[in-house]
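Each residue of the sequence shown is one higher than the one before, counting from 308 in our numbering.
Data first, discussion second: the structure below is written as C-alpha cells.
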Amino acid sequence: MPDRTGRPCRRNSNSDRYRNSNQREKVTLKEKIWGILSEESLLGRITSRLWILFGANLLFVLFSLPVVTAGPAWVAMYYVCLKTLRVDNSLNPFVEFWRSFRLNFKQAFLGFLAVLAIAAILILDIMFVSRTQTAMRYFRWPVYLLSGFLLMVLFHVIPVMAAFSDTLKGLIRNGLYFAAKNPLRAVLILALNAGPMIWTYMDVTRMPLYAFLWATFGFSGIAMICSKLLLKDFERYLPDLDIGEDEIKEEDVHD
C-alpha cells in the first residue's frame, strides 16, 4: 500500500525485528543487574550489613587504643548493632557510633574504670593463689567462678547501656535482670565473648590471622550476634518504630 508520497510502504524486515529483540534483551539484562546490585536485593543487604560491621569494628578498635575509652567505644558499637537490627541496613555506622559515643561517654567511662579496677584485683588474686603451694591454691576456683559471673553481667550491661537511658546503678540492675531471665542465653553470651579471646590467646601460631579478623569484623560480629539474642527481650521496652524514636524508655525494665 503506497504512502502519501506515492512510494510503497516498507514492511519491517527481519533485521529490524532482530534489533528490537536485542534491545529488549539488553534492557532486561540491565534491569536484572541493577536488581541484583540494589540495596533491597540479597546481595545488597549482605554488603550493607558487612559495611556496617566493618565500620563499627574499625571505630571500636581505634577508639579503644587509649584503653580508658574502650568502655564508651564498646557501648557505641552495640548501639550501632542494635539499631541496625531494629531499623535497616541503610544507616551510617560512623555517624551512629559517634552519636552514641558522645551520649554515653560519661556513664560508660566511669563504669569501665570500675571494671578495670575489679579486673585488676581479680587478676592479682588469681596470680597469688595459683603460685602458692599451700591449700590457698584451691581458692582460685571460687575466684574463677566469681570472675565468670562478673563477666556475664558485664556482657549484659554493655548492650543495656547502649539501649536504655538510666542511672549507672539502674543499668547494672537491668543487666542483672536480663542475665537472670535467661541463664542459658547468658552462658552463651559469655562463651561468645570470652571463648574467641581465650582461643586467640592460646593459639599463638595463627596470631596474624586472628589479628586480621579482630581488626575487621571480630568485635562487631560478636556484638551483632549478642544483640540479636537480646533484642527479643529488649523490644518489649523499646518505642514503636513508627514513632521515629530510637531510644529506649527511661524505666526499670524489671518493674
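For glycine and all other residues, C-beta sits at the position ideal for the given N, C-alpha and C.
All figures in this text were calculated on a predicted structure; none of them were measured in a lab.
When we look at the beta-carbon of Ile428 and count the other beta-carbons within 10 Å, is it buried (16 or more) or exposed? exposed
Alpha carbon to alpha carbon, how far is Met509 from Phe404? Give it in angstroms, no decimals. 31 Å
If you draw a straight line from the C-alpha of Arg513 to the C-alpha of Gly528, how long is it? 19 Å
Excluding five sequence neighbours on each side, which residues of the same chain lie with their C-beta closer than 6 Å to the C-beta of Cys388? Ala530, Met531 and Ser534
Expressed to the nearest angstrom, what Euclidean distance is found between the alpha-carbon atoms of Ser371 and Ala377? 4 Å
Taking all protein chains shown into account, do 16 or more other C-beta atoms lie within 10 angstroms of the C-beta of Lys390, making it buried, or fewer, making it exposed? buried
Tyr385 and Pro515 look like a contact to me (Cβ under 8 Å); what is the Cβ gap, rounded to whole Å? Going by Cβ atoms, the distance from Tyr385 to Pro515 rounds to 27 Å, so no, they are not a contact pair.
Within a Cβ cutoff of 6 Å, which residues of the same chain sit near Ile496, ignoring the five residues on either side of it in sequence? Phe462 and Cys533
Are at least three pairs of beta-carbons, each pair with one atom in the stretch 414–423 and one in the stretch 473–480, less than 8 Å apart? yes
Beta-carbon spacing of Gly585, Val464 below 9 Å: Nothing can be reported for residue 585: it is not among the residues displayed for the chain, which extend from 308 to 562.
As an exercise, report each continuous alpha helix (DSSP H) stretch of at least 4 residues that is fully enclosed by the stretch 473–552, in chain order. 475–488, 490–509, 514–520 and 526–541
Own chain, CB closer than 6 Å to Arg543, minus 5 neighbours either side, in chain order: none
Helix, strand or coil at Gln414 [DSSP, three-state]: helix
Look at Met500 and Leu458 and say whether their C-beta atoms are less than 9 Å apart. For the record, residue 500 in the displayed sequence is Asn; it is not Met. For Asn500 and Leu458, yes; Cβs fall inside 9 Å.
Per-residue DSSP class, three states only, for Thr391: helix
Is Thr437 buried or exposed, if buried means 16 or more other CB atoms sit within 10 Å of its CB? This sequence places Ser at residue 437; Thr is not what is there. It counts as exposed.
Own chain, CB closer than 6 Å to Leu538, minus 5 neighbours either side, in chain order: Leu392
Use the C-beta contact count for Leu366: other C-beta atoms within 10 angstroms, 16 or more gives buried, fewer gives exposed. buried
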